[in-house]
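S.K.: Sequence order for the protein chains is A and B. Numbering-wise, the first sequence is residues 1 to 117 according to the numbering used here. Numbering-wise, the second sequence is residues 118 to 234 according to the numbering used here.
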Amino acid sequence: AQKITQTQPGMFVQEKEAVTLDCTYDTSDPSYGLFWYKQPSSGEMIFLIYQGSYDQQNATEGRYSLNFQKARKSANLVISASQLGDSAMYFCAMREGYAGNNRKLIWGLGTSLAVNP
Amino acid sequence: GAVVSQHPSRVICKSGTSVKIECRSLDFQATTMFWYRQFPKQSLMLMATSNEGSKATYEQGVEKDKFLINHASLTLSTLTVTSAHPEDSSFYICSARDQDRVQETQYFGPGTRLLVL
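If you want it as structure tokens, here you go:
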């Protein structure tokens with residue numbers, strides 16, 4: 001079973017509107033971290049936002065916020081006021097267990113977001 | 118902060134030659150770096166975890182003699198694709214873990230596009 005599921009292969013949004021990219025995860029470990037990355041067509045992976053499993057509040061970074069619903073095991077990324085430069089692939093990833101011991105990330109398949117002018 | 122460079126950004130080589138890719142953390146120390154491979158329209162595939170001063174840990178199915186990894190310092194890891202063949206053509210991207218941050222975010226280099234003729 002996939003541990004990170006991104007059910008939206010592609011999404012469209014109108015410029016200046018908000019968009020939600022879905023991510024659900026599966027783990028039995030009480031301690032984990034969730035990450036969102038953006039990959040433009042140039043290929044670089046840009047870190048956007050992090051949510052720890054014990055964090056009490058939803059993470060926010062500028063126009064990015066993470067809608068963390070622990071009971072549902074979902075960590076959706078919300079982008080407010082979309083801009084043309086937001087058009088890219090977006091990946092959700094999870095680190096299981098406590099930080100340390102070189103724990104690797106488990107990646108979702110990604111969502112391609114297109115922002116329309 | 119948290120800048121990772123990768124060189125070269127693009128390389129074209131003949132079949133049978135070896136190609137070395139460098140990954141550097143510019144403003145932080147990284148005891149752990151990760152090497153990924155990405156095929157078009159797909160997610161990241163972890164190849165190996167590179168640990169400073171010790172042998173790399175390879176993922177199942179990745180030939181360690183084919184993909185040589187050296188992590189000689191806290192800011193530099195190299196991946197050498199030995200005797201490259203056309204099927205090795207891909208996008209290779211490295212990341213470095215910022216050990217001073219609790220969440221252990223992985224910061225990525227810009228990637229290397231390898232084309233083997």
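Glycine included, each C-beta is placed from N, C-alpha and C at the ideal position. Note that the structure is predicted; figures quoted are calculated from it, not measured.
Whose C-beta lies closer than 6 Å to the C-beta of Thr5(A) among residues of the same chain, with five residues either side of it excluded?
M.R.: Thr24
S.K.: Using a Cβ-Cβ cut-off of less than 8 Å, list which residues of the segment 36–50 of chain A approach chain B; keep chain order.
M.R.: Tyr37, Ser42, Gly43, Glu44, Met45, Ile46, Phe47 and Tyr50
S.K.: Would Met89(A) and Pro40(A) be called neighbours here (beta carbons separated by less than 9 Å)?
M.R.: yes
S.K.: If the criterion is Cβ atoms closer than 9 Å, does the pair Cys92(A) and Phe12(A) meet it?
M.R.: No, the pair does not count as a contact, with Cβ atoms beyond the cut-off.
S.K.: When the Cα atoms are used, what is the spatial distance from Lys131(B) to Arg230(B)?
M.R.: 14 Å
S.K.: I'd like to know if the segment 201–209 of chain B and the segment 101–112 of chain A are in contact, where contact means that at least 3 CB-CB pairs between them fall below 8 Å.
M.R.: no
S.K.: Among Asp86(A), Gln14(A) and Ala75(A), which residue has its Cα nearest to the Cα of Ile46(A)?
M.R.: Asp86(A)
S.K.: On the DSSP letters alone, give me the boundaries of the beta strand (DSSP E) that Lys38(A) sits inside.
M.R.: Tyr32 to Gln39
S.K.: Considering Cα atoms alone, identify which of Thr20(A), Asn76(A) and Leu48(A) is closest to Val115(A).
M.R.: Out of Thr20(A), Asn76(A) and Leu48(A), Thr20(A) has the C-alpha closest to the C-alpha of Val115(A).
S.K.: Considering only their Cβ atoms, is the gap separating Thr134(B) from Ser194(B) smaller than 9 Å?
M.R.: no
S.K.: Kindly list, in the order they appear in chain B, the residues whose Cβ is closer than 7 Å to that of Gly110(A).
M.R.: Ser160
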